[in-house]
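Undergrad: Dropping the structure in here first, questions after.
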Amino acid sequence: MKIVLLAGAPGSGKSTQGAALMKMNANIKHLSLGEVVRNIIKDPEHPLAQKYHAVISSGTLLPDHVIAEILANELEQIADQNTVVLLDGYPRTSAQYQNFKEHWGNPAGIIHLDVSEQELAERMEHRQDSRSDDNEAAIARRLDFYKTTTLPVLELIKKELDKNSVTVSSSDSIEATSILLYASLQHMQDLHTLLSTASTTIPEEKTVDPVVTPVWFHSVVSPLWQTYSEYQTVAAVQETYETTNFSFSLLGKKIVYLETAAEIETILRARSSLGHVYRHFSMAAGLKHDFVATDSHNPASYRREDGQINTWKLIHNAFGMAVKGDKARIEHLIDVHLDQTFLAEKTFELDTTFDRFFCSFWSDYLFGSTVSPQSYMENREAILAVMRQCFYSNNYKALDPTGLSSLLYSYTVSNELKEAKEKIKSFISNSTATSFTQRFKAALRQLNESEGLELSEDTLMDMVADNVFDLFFEPDFLENVMYETLAIAIKEHVDLREGKERSKVYSQGMKQGYLFPMRSRILEEAVTLPDGTSIAAGSHVYFNLKKAGLYHSSGPRRCVGQAYTHYFKEHFFNRIEGIDFKVKSVSFPEERMAMVANENVPGSPERYQVSWNLKRDEAMRHLPYHNYKGNKFFNVLALHQKPDLNEQMVKQCKLKIKHFLDKREIDIDKVVIVTPEVRGLPLAAQVAKELRVPLYTIRKKGGYKMAESEVYTESYDKGYGDPDVVELPVKEIKDLAGKKVIFLDDGLASGQSALACIKLIERQVSDEDEAAQVLMVLTSLKHDYVETTPKLSEHCKVKTLFDCHGGKMPAEQEEAKIQIKLG
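So in the UniProt record's numbering, spot 532 of the sequence shown is number 532, and the numbers just go up one at a time.
Okay, structure coming up:
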């Protein structure tokens, strides 16, 4: 059991947030000590009620020993040791805090709801659950006690708990605040371990009868007319007939709805064409040779039964040739565009940044760098606007087997779609030789020649344009699922380095962000379902892939986007697995709120503003070490052998320094980086290049090969005992005069080497010039094999990227080394 203090002034919303957080995780329990006491007072038979009723009503606190006894009794009743207790209303005084630590140790964290006095007064006067002591005089006394007595204690606790303290002072909505607080609790390691064990209720799998039940036509039309929702219509029919799968007839055609996996898979394996909505969208855009508009016919032959070219087979085979071997290219483009979006800023909006990343990645993949991501996004948005307006917001289209509604809508947007297609043609003409578009074009030409198809160049170019139009928004499914996966992972602080955790959160993202779960097919051949139901050719079949648990379609008309999904998903996770994202704020913008009610294009309503750092333990996964005088000596230079990690280290250092300077309004032209040789040089050189600032190097004694009079030196003892001397030329110290210095090194242990270097840098060499000033010490590693770190400088801030857990070599390893030497 871990205890988190839930603190704030009276009326700050502690009970409200406690209740909201309990709903978010079964292992969270809100314990309002004040509420417990008030319930005791309400019981006239309780001894404490009789003794202290007047005290409570006047707004005065009960004696400390009584409160402590009540708290102990409440905590004893919590049997589950995986519980995270949000302790509300205690401690309020310094004495109570000391008593708390004596009995239960340091709290695991603190949440401070810091609300303005004016808002507090208004809340308490108007809150619905008014208390007996919610009168003007009592409120004033309680607020004064909080301000003069409790608040100083809270500030002390927050300072002690450091990163395990959360202060929320905004007037955001209850939901936005609770999500922010929940994400913050997950970020506290001791709490995350408990919160991640919360059991999720898994609904029992029901035995579903796959029989297709015939229903009356009006049973479908009536709820569709009333609800304007195909999903609610299906649910109404299923409830009325107590069935999962059903069918009805219209104009002599059979219409079937399926929700069971085996039956849907049978349909997907059969030859079929896509439903009317997809066909009419293709018609409106003037597409004739794309994945949607063409029928599969005989997938084994380039010639159809009527002697015409089997376009479907041609474009699918050309697509396979163009995609084959693209794993390395996709991974490279992910790297490039992650660096330009996610890793380019310290803090960013998660959803909009992810969209920019994904669109820039996909635009580059399709067309190369000659087409700007902005142009791609503008044209994509134009197409999506048409789709939303006329095809995905038209609730009658999904269950309209006649296709009349989508056909009528298609005429109204034909010009806009054809305009977008012309824009895509211009992208194609400007695409680079290595782009997917050009490789797809080359594959079509190759197959046309090798198979003797004799298609004209104009026809081949139409095929390219039509299919690239489809591919323009083909990966939207992957983008939506991956975004929801990432949002859940950040909120729950999931460690994506763990394979099981990665799979689990991706499954959650799939359920949260699955686009268009209801699909349709028009059969080109008769099909017999596993239950014996016969469906004739020409019948219209609707099915819900998500309900059936078939998250990826199969068969000849499976989604072509599956070719990219695995490559993208795994490498994206690999690139960000070592990054620790932290939620800074939460909001609910209108465009995201609209997604909640949309079953075709679902998504989470909140927008996260996040910041990033490399995980503190990430370096330990990549650091080799050897024994040096009984200590683990880590080869920090090995970190630069990992290109992705090296890039992220440089980015993080750059952003940390930039944030530090911007916050203090320090002109970067006055800034230099200084590093000691040799292990700090690789990182310092790259960071200096990124910031475009000078780099100075401090060397070991004799490194500059200069006369003693031309260098200044400083002596020190290293953390593991060796003496050493560093030097810097007098001329360079004069050059540094008046400069603001960022001291960048590989690691920090005892701090003696850093202190010696700072003394060199800040040495006053003349009365006329102001000495340099070290503002920040930034190192890759924070070692723990020595206990103390001296105060490096009165004006310098110390920052490290990673924790390096070293210490003494294990005794058995030491013994083994001795035996080896003896042998």
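Where a beta carbon is used, it is the ideal one built from N, C-alpha and C, also for glycine.
As the structure is a prediction and not an experimental result, all values here were calculated from the model.
(1) Just the Cα atoms here: how many angstroms apart are Phe436 and Val468?
(2) Under 9 Å between the Cβ atoms of Leu31 and Val85?
(3) When you compare each of Leu224, Pro152, Leu21, Ser165 to Gly109 by their alpha carbons, which one comes out closest?
(4) Restricting to runs no shorter than 3 residues, where is the beta strand (DSSP E) found entirely within the segment 398–422?
(5) By the three-class DSSP mapping on this structure, what secondary structure does Val650 have?
(6) In chain order, what are the residue ranges of uninterrupted alpha helix (DSSP H) at least 4 long that sit wholly in the segment 507–567?
(7) Would you kindly work out how many angstroms separate the C-alpha atoms of Ile264 and Ala235, rounded to a whole number?
(8) Quick check: Ser766 and Lys734, are their CB atoms within less than 9 Å of each other?
(9) Taking just the CA atoms, how far does Pro589 sit from Val37?
(10) At the level of alpha carbons, what is the spacing between Ala526 and Tyr257?
(11) Thinking Tyr608 and Leu350 are a contact (beta carbons under 8 Å), I'd like their distance in whole angstroms, please.
(12) If you follow the alpha helix (DSSP H) that Arg329 is part of, which residue opens it and which one closes it?
(13) Check Ala749 in the structure and name its three-state DSSP category.
(14) Closer than 6 Å by C-beta to Thr353: which residues in its own chain qualify, once you throw out the five before and the five after it? Chain order, please.
(15) Identify every residue that forms a DSSP beta bridge with Cys804.
(16) Under 6 Å Cβ to Cβ from Thr533, same chain only, skipping five residues before and after it: list those, please.
(17) Helix, strand or coil for Trp612 per DSSP?
(18) Counting along the chain, where does the beta strand (DSSP E) carrying Pro214 start and finish?
(19) Where does Arg763 sit, in a helix, a strand or coil, going by DSSP?
(20) Determine the DSSP secondary structure at Ser273, reduced to helix, strand or coil.
(21) What ranges does the beta strand (DSSP E) occupy inside the segment 350–381, keeping only unbroken runs of at least 3 residues that lie completely in it?
(22) Measure the CB-CB distance between Val333 and Asn448 and report whether it falls below 9 Å.
(23) Determine, using beta-carbon pairs with one atom in the segment 752–772 and one in the segment 712–728, whether at least three such pairs fall under 8 Å.
(24) Between which residues of its own chain and Met510 is the CB-CB distance below 6 Å, once the five residues before and five after are set aside?
(25) Cβ atoms of Gly603 and Arg592: under 9 Å apart, would you say?
(26) Assess contact between the segment 146–155 and the segment 574–581, defined as three or more Cβ pairs (one per stretch) separated by less than 8 Å. Is contact present?
(27) Assuming Gln773 contacts Val730 under a Cβ cut-off of 8 Å, what Cβ separation, rounded to an integer in Å, is found between them?
(28) Per DSSP, His316 is paired with what?
(29) Could you compute how far the alpha carbon of Lys705 sits from the alpha carbon of Gly680?
(30) What alpha helix (DSSP H) runs, 4 residues minimum, are completely inside the segment 76–155?
(31) Shortest alpha-carbon distance to Asp531 belongs to which of Lys159, Phe246, Ser539?
(32) Could you check if Gln17 is buried or exposed, using at least 16 other CB atoms within 10 Å of its CB as the buried criterion?
(33) To which residues of the same chain is Thr311 closer than 6 Å at the C-beta, ignoring the five residues directly before and after it?
(34) Looking at Val777: is its Cβ nearer than 9 Å to the Cβ of Asp745?
(35) Which one of Phe543, Arg388, Lys346 has the shortest CA to CA distance from Pro210?
(36) Which same chain residues, not among the five before or five after Gly655, have their C-beta less than 6 Å away from its C-beta?
TA: According to the structure data:
(1) In the sequence shown, the residue the question calls residue 436 occupies position 436. In the sequence shown, the residue the question calls residue 468 occupies position 468. The alpha-carbon atoms of Phe436 and Val468 are separated by roughly 9 Å.
(2) For the purposes of this step, residue 31 is taken as the residue at position 31 of the sequence shown. For the purposes of this step, residue 85 is taken as the residue at position 85 of the sequence shown. By the CB criterion at 9 Å, Leu31 and Val85 fall inside the cutoff.
(3) Your numbering for residue 109 matches position 109 in the sequence shown. The option with the nearest alpha carbon to Gly109 is Ser165.
(4) none
(5) Locating residue 650 in the sequence shown gives position 650, counting from the first residue. Three-state result, Val650: helix.
(6) 545–548
(7) Numbered from its first residue, the sequence shown carries residue 264 at position 264. Numbered from its first residue, the sequence shown carries residue 235 at position 235. The straight-line gap from Cα to Cα measures roughly 18 Å.
(8) Position 766 of the sequence shown holds residue 766. Position 734 of the sequence shown holds residue 734. It is a contact, given that the beta carbons lie within the stated cut-off.
(9) In the sequence shown, counting from the first residue as 1, residue 37 sits at position 37. In the sequence shown, counting from the first residue as 1, residue 589 sits at position 589. For Val37 and Pro589, the distance between alpha carbons rounds to 40 Å.
(10) Your numbering for residue 526 matches position 526 in the sequence shown. Your numbering for residue 257 matches position 257 in the sequence shown. If you take the alpha carbons of Ala526 and Tyr257, they lie about 16 Å apart.
(11) Here the question's residue 608 lines up with position 608 in the sequence shown. Here the question's residue 350 lines up with position 350 in the sequence shown. Indeed, because the Cβ distance is near 4 Å, the residues count as touching under 8 Å.
(12) The residue labelled residue 329 in the question sits at position 329 within the sequence shown. Start and end: 327–340.
(13) Walking along the sequence shown from the start, residue 749 turns up at place 749. Note: Ala749 maps to coil in three-state DSSP.
(14) The residue you call residue 353 lines up with position 353 of the sequence shown. Thr341, listed in sequence order.
(15) Along the sequence shown, read from residue 1 onward, the residue named residue 804 stands at position 804. Beta-bridge pairing links Cys804 to His783.
(16) Reading the sequence shown from its first residue, position 533 is the one you call residue 533. Cβ within range, chain order: Val212.
(17) Indexing the sequence shown from 1 puts residue 612 at position 612. In the structure shown, Trp612 sits in a strand (DSSP, three-state: E or B).
(18) Position 214 of the sequence shown, counted from the first residue, corresponds to residue 214. Here the beta strand (DSSP E) through Pro214 covers 212–214.
(19) Residue 763 sits at position 763 when you count from the first residue of the sequence shown. Three-state DSSP puts Arg763 in coil, outside helix and strand.
(20) For this step, residue 273 is matched to residue 273 along the sequence shown. Strand.
(21) Within the segment 350–381, no complete beta strand (DSSP E) run reaches 3 residues.
(22) By 1-based counting over the sequence shown, the position of residue 333 is 333. By 1-based counting over the sequence shown, the position of residue 448 is 448. The displayed chain sequence assigns Leu, not Val, to residue 333. Contact: no.
(23) yes
(24) Along the sequence shown, one-based indexing puts residue 510 at 510. If we look at Met510 and ignore the five residues flanking it on each side, its Cβ neighbours are Val481, Tyr551.
(25) For this step, residue 592 is matched to residue 592 along the sequence shown. For this step, residue 603 is matched to residue 603 along the sequence shown. Contact: yes.
(26) no
(27) The residue you call residue 773 lines up with position 773 of the sequence shown. The residue you call residue 730 lines up with position 730 of the sequence shown. Not really, about 18 Å apart at Cβ, beyond 8 Å.
(28) The residue you call residue 316 lines up with position 316 of the sequence shown. Its beta-bridge partners do not exist; DSSP assigns none.
(29) Taking the first residue of the sequence shown as position 1, residue 705 is located at position 705. Taking the first residue of the sequence shown as position 1, residue 680 is located at position 680. One C-alpha to the other measures close to 21 Å.
(30) 94–104, 117–126, 136–145
(31) As a first step, residue 531 is located in the sequence shown; it is residue number 531 there, counting from the start. Answer by Cα proximity: Phe246.
(32) Reading the sequence shown from its first residue, position 17 is the one you call residue 17. Residue environment: Gln17 is assigned as buried (16 or more neighbouring CB atoms within 10 Å of its CB, all protein chains considered).
(33) Sequence index remark: in the sequence shown, residue 311 carries index 311 (1-based). Once the five neighbours on either side are set aside, the close Cβ partners of Thr311 are His289, Thr294.
(34) For the purposes of this step, residue 777 is taken as residue 777 along the sequence shown, with counting starting at 1. For the purposes of this step, residue 745 is taken as residue 745 along the sequence shown, with counting starting at 1. Yes.
(35) The count along the sequence shown starts at 1 and reaches residue 210 at position 210. Among Phe543, Arg388, Lys346, the Cα nearest to that of Pro210 is on Phe543.
(36) Translated into the one-based positions of the sequence shown, residue 655 becomes position 655. The question names Gly, but residue 655 is Leu in the sequence shown. Once the five neighbours on either side are set aside, the close Cβ partners of Leu655 are Lys346.
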